[in-house]
Every structure is written in C-alpha cells, then in structure tokens.
C-alpha cells in the first residue's frame, strides 16, 4: 500500500508537467522524442511504445532509488547540446494577383473601382460621351454647345480623377503634320508656318513666340501644349492673359484642345481660391488674378506656364511681374505681337521670367548683344512673309473739316489751354500738355456742347455703304464716355454696340457674340484699350480709328482684330483726322519719329512715341517753349530734328503778344473802375466772351476757368476794338501805344495771320515778316509802358 | 460580323520606373485609336527568391495569369481583339475568349523561332496607306483556322491606325501615372 502511495506521489509529481518538444527527464530516465504530451499515471505504469514515447530505462517501478531521488529536473536539449532535426521553412510564396484600377472614357457609367477616388467630373451617360471622352456637348469637335460646368463656381475645389488626368496622354498622336482628323475638327488646319511654330515651341522649355498679330500665336501655343501633354511632359498648365482676351482663350481651348479639362479662374476672391485649388489640365487666369491670389498658388504648381501679351510683365517691380516669376514652372512660353513695345530694356523683365540669367544687366546698352542672346529663344514672323494668302489690308486716311461749332469750341479750348499753360510758367509739365491734347482730341471727335461731329457724319455715310454691301465695321476710340457713347446713339440704326472696359466678362461675350451672329449688328464700337487686344472679329472687314494713339502699334493691334487668319475679305482701315487741329500736328510728328526709329532700332520694334518725344517737342506742339531752368526729363529721347520752324516761331510770338495785350487791358482799365468789364468793354464783345467762358466751364472743368478773368476769353480782334474805343484810348491806352492809327493798323494786319496760325496753315514769308515787325513793335510799346 | 473590329485591346506588361516590378496595362480604343478605356494593375514586384524560382516563366506568368487575365476580364469596354507585343502574351488567348494577336514591325527584329511557333499562324499585314509600317502578325494556335479572317480584319484597321502606337501611349501614360499616384510606384 505504501509502495502504491509512493507510486502515485511520484506520478503526481510527474503528471502535471507538460513536456514540449524534445526533453530529457532525469531521474526516471524518459526520453520523449516528439510533440507535446502530458505524462499520466497509466502511461507510467507500463512501458510505452507508442510513436510518441519511448521508455528507455530503467523501469521506474523497480527503481527504489528513484523514489528517494531528488525532485525531477527538466533540462532542455539545447543545454545538453544534443543533435536536433533541422527546421524546415517554406521560402516560396507564390506571386499573387495584383489589384487593378482603371476607367472607361465612353461608357454608360464610370467604372466602379473601389480604389478610385470619387469621380468628380459630371457622371456622363452613354449618349453624352464623345470619342474624345468628353460629354458631346463639351467637345468642340463633336459638339459645340457651351460647357456650363466650367463656369460654375464651386463651393469646394474640384478633384480630377487620376485617370482623367492622364486622358490627354492616351489620346492618339496629333500627326506629323498636325492633321489627325481625330484630334482636329473640320477647318482646323494649321498653316505651314504655324506647324513650324508648334514644333519650335515643343523643342524649347523657354521660348518667346513673337509673331505679328493675327498669325495665330495662341493656336500654335495650344497645339504645342497638346503635344507636351501627349508626351507626358506636362500634366498641368497655366495660361495668363489680359482680361479682354480671356473668353477668346477659353473658346480657342475648347475648340482646339477639347480633351483638356479647363478651369477658368475668375470672379470674387473666395471663388477664385476654390478655382485655383480645383484640379484641371489647364487653368486660365488673368495677370491681375494671379497677382491678387499669389499666396494661394504655390511655386511649381504648373508644369507649363503660357504668358500671353507677355509685355504685361515688362516692369519687374510690379506685383504682376513678381507673381509670375514666383511660379517657377519647368516650361515657360511667352507670347506677344509687340515684345519690344517700349524699349529693349523691357525684354530684361520678360526674360527674367522666361529665361532667368539669359540677359545680363551689362548688356542693357548693347542691343546687338541682347538680340544675339535672345535669338535661340525668339521666333517672330510677319504676316507679309508668313501669310501671303491673307487678304490685303488697305490702310488709308480720311480727313474731315470740323463743323462750325466744333471749330469754335476747338479754337477756344486751344487758345485758353495755351494761355493756361503759359500762365503756369515754371510749374507747367508734360502732363498738362497731354491733358490739353486729350481734350482737344475729344472735340475733334465730337463737340461736347452741341454734339456736332464731322467724324460721325463721315462714319454715318460710310456705314450706309458698308451695310448695303453686307459687310461689318469696327470703330475704335480712346474715349468710351466722350466719344463711343455718343457714336452709339448716332449709329443706332446700324445696331451699334459698345465694347469697353466697363463691361463685365459676360457682357463682353454677349456683345461679341451678337456682333458675330446678328446681321443687323453692322458696327461695333470699341475702346482701343479694351478691344485692341486678343479679340477675333473677322466678321468685320472695315476698321475706323476715330482718334489716334502715340504708339502706332496700338492701332495696328486693333486692326488685327479683323485682319487675321479667318478673314476672307479685303480689309479696309481708315484713320480719321480733323484738319487744322492737334491731330494733324501729332500725325506729322509721329511719322517723323517713326522714320527715325526704324533706322536706329530694328524693324520689329514698335515704339511708344510718347516715351520718345522730348519735352521741347511736346511744348512745340502748341508753339510753346519748355520752361527755362528745367532740364529735359527725357534724356534718352532722340535728338531734336533741327531748328524750330517758322510755324512754331509764329505761334510763340503771337501767344506772347496776346498774353501781353490781355494783361495791359485788364491792368489799365481796372485802374479806372472796378467794374471795368461792364463799363469799358462793348456789349457784344463782353457777351461773346462771357458765353465762351460759360461753355468752357461746362465742357472742360479741369481748366479751372472760374479763377480766370473774362479777358482770357476775348478774341484776338477784340483787343484792337477795346483799345481803340475813344474813351479807353483817351483815358489810358494813348499813353501806352502813342498812335492809335498805327496800332490799329498793325493789329489788323496781324489778325488774319493769327487766324492762319490757329488753323495750322503755313505762313508766307511776307506774313512772317509782318508778324515779326508788328509784334516786335507792339511788344516794345507794351514793355516800355510797364 | 462586321468587316473590322470596333473595340481594340492593347495589353502590355511594362517594367516599373524603378525596374523592380511589372505593371500590366490594357488600353481599349476604337478603330480610330480614340481611347475607350484604360486599366492598369498595381505593380507586381517579385522577390529575389521568386525570380530564380519562376525562372523563364516569370514574365509570362505575371503578364498572362496575374495581369492580362484580370485586365481583360474586368474590362467594361469588352475588346473584340487583343494585341500584344510580347510573344509570351499570346497565351492570354487561353484565358480569354477573343483573338489575341502578337504584332511587331516587319523586319524590325531577327526572326527567332520560339517553342510552339510552328503551330502558330502568322502573316504579314501591309497597311492601306503609306503612313504606317508593315506588320507581322502571329496568332495563337487556338485561332489557327480563323487566323486568315482575323488578319483580314486587322489589315482593314491599319489604314487608319498604327497598331504599334497605342503601346507608346500606354508607356507614356504609365510614366505620368507612376509620377502622380503612389499606388503605381
């Protein structure tokens, strides 16, 4: 019994032990070979011979010593360094099927891909999808309806599916000649020079395409952009342009690159921020939008940046230029018909963005070096060379006589203006000159008081023929308020509309669309500033310039709205001038300057002449001299063209004399009585002068006539009459002029000469002699009386 | 049956940019080459052990079994024919019930007779215009009898489309995809 109890104790000491793996039990010398097994009493009571166990020795039942043995000690085989079976590990994991993703571009519904981010483009239906993967209403090749979603302002940025992003890469090639009918719609055929331009652009990461206006720079840029997308060199692009041509760009992109998703950036600031953050192949924005939103457009956002009318960044200090430089895209193309608009220095700012470091400051004074450095990056073709098949542009001039009321108003303002300038003395600046010129130009267009206009009469006659022929016309003016509004009323029967800077983008689109489509819209009136760039208006083939810029290139740009690719008819351009006015004088000066500049700068240069004129030349337009004691501010200007002309001498002499006569009349008569104007000036003279002053105040408040004297509104002949009246002569003027008959005779001789000078008529030698002698005589008398 | 195929599949096995993996791609176009569908697999990256273990069957296995089969099966544009530019991809025919044709420029490479080539139908295709190069077409043995008819329909396509070109597009698209989306790197 005791023995049995001992056995159980022994078994209990062993039984709870879980033996794992290969162990050796010392004491009862069990060698367990394999897997985990619990020892139990029955197994200990008899020898084991199962595959799991091997009872080796000694027989535990017969080993009395074992009963008194110390507690069982378990030792792992590693401790005993016994040999073991090698571990077997599977090194082969079969390759498994990868996940996939994708998208159908012309399917009834978008593919349902779990991995695909939520589709964000409008879910298309089967019938909507065109062969370009767009809704057929969006595609310019398959359908031409406007694309509403592009214009809708979203509350949140639009995401573009990755498979939409690569859609342009998946498009078929454009063709070696850019003529794949799958990629270009009917009539979208490039000219040979345009194909060259496209290739030239795609071969360059930095380029300035400076073709003459109307040669299709934007289309070349769009096609070149498509090439980059197909080659995977660009995924996102930004096109910057002036506001006036944004819609034109949008339409061209829709027509020429329907596979590119476009995001127009416009509207309120918060809307624009969403638009900037929206994903698209192409963002289209104005320079101003970029400047205002610069902080939300990180550098390197775009692979390609196209800067249209790149001269916008010619001033490196402006916010626009800085914002553009900050973009820092890998590929940058500039477009401009007038890259050298002002002066060659402007190119430094342009190339500071296009190709930083290309032009060194030390080369600024060396045009030859600048041209040499630019050459690989600059491509410019002229219409005459590139587009021989474009219908001819016939440029002519039309001269009109001012109406009576226009002439009176013009003369009055000019005289008053000149005196005003003289009275300013040393304080007078070229700004005053330009101010006077602008107001005179406005009168040349329309008399602000009576509304009479010989130019509008001329236009009315021309429009009658144009309408009968089934043609259309563009009329340009710098003065939307003072000229275009009145012209619109005058030409109302021809469906006249105004296109100027006051219109919103949408309104501009409506105006242009109506002009293009409606046969009753015969004439479109455009401000040169708003309508002179970017628009394509080949429906018109007549162009009229009612007034004229200093820069002939500005007028040429305006004409090229119609004289460009797509024009089938001969284009007629007419510059309308008023004879014997400031317009005639400026025209002469401009022509003279243009001839000079063409010899010095290269033939591609379009010169802003107002920046090239000297102060002397500007003052001479009114027969004035630049105030003494002030140096020329325009030192870089061209040298003057020679001695002052007799014409200028005459004007100066007469102006000086006139001022002196006014002052002596006012000074002497006011000594007699404070109410001298009523008591000493004949009624008819007084009434006319007062009438002129009143008209002047309403028409040209800027001249501040209220502070001036009535005497400033006298006619030249009035001086003689006031001086020679018996009472006045006897009381004051005899002492000044000594001999009434002589003074009257001399002044009467001067009156027709003065009239000729006022009308810019050339004086004969005899008249010049009379003018010099008589004015000298009178001035001596006046000076000696002081 | 129409004279030509309306939906063309172009299946390719492409090396990843890093060179350590493969991406399968299917571009489905219309007969003018306009894209109808584009599907790609995530990269398959065999390990250093897998490469020798799969040996020469590595690319065929990845291209046909792992990538090609599921790309064609999951296509919703349902191509009517599949073009491939690797001969081993012809075995995709076993996985799909549509003709699979291996194409290459005629005279572009030395003729190498591969295993089973003698059982495969083949022939030249001369494009209708002069814009595209002549092609050599090789069909799968399963299409032995129908091959002449297939070749005729393919020849009709070549007047409008360079059948090699969609593979270039696919490669360019994969470059952009890899750059833009980490899933494919």
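Chains as they are written, first to last, in this note's numbering: chain P, 1376 to 2161; chain U, 16 to 200. By construction, the Cβ of each residue, glycine as well, lies at the ideal position given by its N, Cα and C atoms. Values in this document were obtained by computation on a predicted structure and should not be read as measured data.
query	result
In this structure, does DSSP put residue 1606/P in helix, strand or coil?	coil
Rounded to the nearest angstrom, what separates residue 1605/P and residue 46/U at their Cα positions?	19 Å
Should the segment 76–92 of chain U be regarded as contacting the segment 1566–1584 of chain P, the criterion being three or more beta carbon pairs within less than 8 Å?	no
Based on DSSP bridge pairs, tell me the residues matched to residue 29/U.	38/U
Between the segment 2146–2158 of chain P and the segment 2028–2045 of chain P, are three or more C-beta pairs nearer than 8 Å?	yes
Residues in the segment 70–100 of chain U with C-beta within 9 Å of chain P's C-beta atoms, listed in sequence order?	73, 76, 77, 80, 81, 82, 84, 85, 86, 89, 90, 91 and 92
From what residue to what residue does the beta strand (DSSP E) around residue 139/U run?	137–140
Quick one: what does DSSP say residue 56/U is sitting in, helix, strand or coil?	strand
Given that a residue counts as buried once 16 or more other Cβ atoms are within 10 Å of its Cβ, and exposed if not, what is residue 2150/P?	buried
Alpha carbon to alpha carbon, what distance is there between residue 1612/P and residue 1533/P?	16 Å
Could you check which residue in 1762/P, 1761/P and 1926/P has the C-alpha nearest to that of residue 1904/P?	1926/P
Could you check whether residue 1734/P and residue 1748/P sit closer than 8 Å to each other, using their CB atoms as the reference points?	yes
Going by C-alpha to C-alpha distance, which of 1703/P, 1665/P and 1689/P sits closest to residue 1677/P?	1703/P
Under 7 Å Cβ-Cβ, which residues of chain U neighbour residue 1467/P?	68
On a Cα-Cα basis, can you pick out the residue from 1772/P, 1665/P, 1730/P and 1789/P that is closest to residue 1998/P?	1789/P
What is the rounded straight-line gap between the Cα of residue 1643/P and the Cα of residue 33/U?	45 Å
Is the Cβ of residue 1830/P closer than 8 Å to any Cβ of chain U?	no
Considering just the uninterrupted stretch of the alpha helix (DSSP H) at residue 1744/P, what are its terminal residues?	1742–1749
State yes or no: is the beta carbon of residue 1607/P nearer than 8 Å to at least one beta carbon in chain U?	yes
Three-state secondary structure (DSSP) at residue 1814/P?	helix
CA-CA distance, residue 1539/P and residue 71/U?	36 Å
Taking only beta carbons into account, state which residues of the segment 1659–1688 of chain P come closer than 8 Å to chain U, listed in chain order.	none
With distance defined between alpha-carbon atoms, name the residue in 2119/P, 1547/P, 2058/P and 1958/P nearest to residue 1773/P.	1958/P
For the segment 41–56 of chain U, enumerate the residues whose C-beta is nearer than 7 Å to any C-beta of chain P, in chain order.	42, 45, 47, 48, 49, 50, 51, 52, 53, 54, 55 and 56
Between residue 109/U and residue 156/U, what straight-line distance do the alpha-carbon atoms span, to the nearest angstrom?	10 Å
Three or more C-beta pairs closer than 8 Å, one from the segment 26–42 of chain U and one from the segment 2124–2136 of chain P: is that the case here?	no
Does residue 184/U come within less than 8 Å of chain P when only Cβ atoms are used?	yes
Determine contact between the segment 1902–1921 of chain P and the segment 1619–1626 of chain P, defined as no fewer than three beta-carbon pairs at a distance below 8 Å.	yes
Name, please, each residue of chain A whose Cβ falls closer than 7 Å to the Cβ of residue 190/U.	Protein chains P and U are contained in the structure displayed, whereas chain A is not.
Apart from the five residues just before and just after residue 1819/P, which ones in its own chain have a Cβ nearer than 6 Å to its Cβ?	1953, 1956 and 1958
What does residue 1478/P reach in chain U if we use C-beta pairs closer than 9 Å?	52, 53 and 54
Which bits of chain U does residue 1557/P rub up against, with CB to CB less than 8 Å?	47, 48 and 49
Which word fits residue 35/U, buried or exposed, when buried means at least 16 other C-beta atoms lie within 10 angstroms of its C-beta?	exposed
Under a three-way DSSP split, which group does residue 1669/P fall into?	helix
Whose Cβ in chain P lies nearer than 8 Å to the Cβ of residue 118/U?	Chain P residues near residue 118/U: none, gap ~17 Å exceeds 8 Å.
Do residue 1823/P and residue 1847/P have their beta-carbon atoms positioned less than 8 Å apart in this structure?	no
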